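Written out below as structure tokens is the structure these notes cover.
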Amino acid sequence: MKRSLLFALAAFAALPPVAQAIVWRHDIPESDVLNYGNTTRLQGVGKVNLPGWFGTGQFLGIGTGGQAWGISAKHVITTGQTGTFTFEDGGSYSITQAIGFAGTDIAVFKIAGWNRNVFAPTLHDDGVYTVGTNFDSAGFGGHGAQGTLGGNWLYDNKRRGMQTKLTTTRTASFNGENQFQLIDTFDAPGSANVRPVEGFGASGDSGSMLLDDSGKIWGVLSGGQFETYGNINYYAAITPQIAQQIVQTTGVPEPGTMILLAGLAAVAARRRK
């Protein structure tokens, strides 16, 4: 069963029609996922709010002209739409423009008045997708321990974090477009691939990122299956072509540029001595 991981506010009293917040392995406390969601690398994860629904997004960086940008799923926010980018501490920023990319469920958005000092990821742009790669993620969607609440997950304004691994890749249709997808599996305690803070996206987590250990985003959450062990979610992958489009659109430095800038800064520092 495929489903999007967007959350429709009108369905709050019923089962979400589309998926994702964080559901975690049943043998760890909720405090583990709350604490993980507040780790340094995940503090740029916020809620993307539009009239009638919300998803999750990630601060991407400062681009051309000092403009702040975020990244999310195209089915959360896309070209022609505006909204707000909010955080559990009350921080709220207008989304003044969104741009969705053809052939993938990925969009970027402009953030007005950005004043947060948070981690900015880079883009995975080499086209290599190694099975077993470890990822972090976080979201604001439905939450609960696996196997509890009858699947009627709870909702609040808190960011929860999780760990997962890349299971496989595929090309599949989503919203009428063929896209390259990254697949993760909700691994049960005791399985070979389970991670200490194993989790799985749920309704409201659409747009949440897969962040590798080196700080690169590999993709954003599109949809998946019900939140139970053995099921899968699928993420729109950042391919080399999409990475190039993101850089061209936003001006947010790509990894190679970041290395170059660091080198120039080091040269300048030596010259000042």
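Numbered according to my numbering, the sequence shown spans residues 22 to 294. Beta carbons are placed, not taken as given, at the ideal position from N, Cα and C, and that holds for glycine. Treat the numbers as computed from the prediction; the structure is a model and nothing was measured.
Cα-Cα separation between residue i and residue j, rounded to whole angstroms
| i | j | result |
| --- | --- | --- |
| valine 97 | glutamate 198 | 15 Å |
| glycine 91 | alanine 258 | 16 Å |
| threonine 249 | glycine 168 | 7 Å |
| glycine 225 | phenylalanine 108 | 14 Å |
| threonine 192 | tyrosine 255 | 10 Å |
| phenylalanine 201 | lysine 95 | 14 Å |
| proline 37 | valine 149 | Annotation note: pLDDT 33 at proline 37 (below 50); position unreliable, coordinate value reported separately. Approximately 34 Å, taken between the alpha carbons. |
| phenylalanine 247 | lysine 68 | 21 Å |
| leucine 231 | glycine 162 | 16 Å |
| glycine 121 | histidine 145 | 18 Å |
| alanine 123 | alanine 264 | 13 Å |
| tyrosine 114 | isoleucine 132 | 6 Å |
| leucine 282 | glutamine 262 | Caution is warranted here: a pLDDT of 39 is assigned to leucine 282, below 50, making its placement in the model unreliable, and no coordinate value can be reported. |
| glycine 222 | arginine 137 | 25 Å |
| asparagine 178 | aspartate 110 | 9 Å |
| aspartate 48 | aspartate 147 | 36 Å |
| glycine 244 | phenylalanine 195 | 9 Å |
| alanine 29 | proline 72 | Reliability fails at alanine 29, whose pLDDT of 49 lies under 50, so the model's placement of it is uncertain and the value that follows must be treated cautiously. Near 9 Å, if we compare the C-alpha coordinates of proline 72 and alanine 29. |
| arginine 216 | glycine 78 | 23 Å |
Residue closest to residue i, alpha-carbon to alpha-carbon, out of the options
| i | options | result |
| --- | --- | --- |
| aspartate 157 | Arg180, Thr169, Ala166 | Arg180 |
| glycine 134 | Ala128, Pro142, Arg46, Thr117 | Thr117 |
| glycine 160 | Gly244, Arg137, Leu170, Leu63 | Leu63 |
| leucine 242 | Val54, Trp74, Thr125 | Thr125 |
| glycine 101 | Gly211, Phe130, Gln266, Thr188 | Phe130 |
| isoleucine 267 | Pro50, Ala119, Phe140, Pro72 | Ala119 |
| asparagine 214 | Asp177, Gln269, Leu175, Gly153 | Gly153 |
| phenylalanine 80 | Val218, Ser229, Gln262 | Ser229 |
| glycine 82 | Ile263, Gly76, Glu219, Val66 | Val66 |
| phenylalanine 140 | Ile127, Thr61, Thr206 | Thr61 |
| glycine 76 | Leu170, Ile253, Thr189, Tyr176 | Tyr176 |
| glutamate 51 | Gln88, Ala166, Ile127, Gly73 | Ala166 |
| threonine 143 | Trp174, Gly112, Asp233 | Asp233 |
Test item: CB-CB of residue i and residue j under 9 Å
| i | j | result |
| --- | --- | --- |
| isoleucine 43 | glycine 182 | yes |
| glycine 220 | glutamine 184 | yes |
| glycine 236 | glycine 84 | no |
| leucine 187 | aspartate 205 | yes |
| asparagine 70 | phenylalanine 106 | yes |
Residues bridged to residue i [DSSP beta-bridge criterion]
| i | result |
| --- | --- |
| threonine 143 | Lys237 |
| tryptophan 135 | Note: tryptophan 135 sits in no beta bridge, so no partner. |
| phenylalanine 106 | Val69, Tyr114 |
| tyrosine 255 | Ile204, Gly244 |
| glycine 9 | Any question about residue 9 goes unanswered here, given that the chain covers just 22 to 294. |
| alanine 193 | Gln200 |
| histidine 164 | Leu175 |
| valine 129 | Ile92, Ile120 |
Residue i burial status per 10 Å Cβ neighbour count (16 or more: buried)
| i | result |
| --- | --- |
| alanine 287 | Any reading at alanine 287 needs caution, since the residue's pLDDT is 38, under 50, leaving its predicted position unreliable; the model's value is listed next. Classification of alanine 287: exposed, given that the 10 Å Cβ count is below 16. |
| leucine 203 | buried |
| threonine 260 | buried |
| glycine 87 | exposed |
| glycine 112 | exposed |
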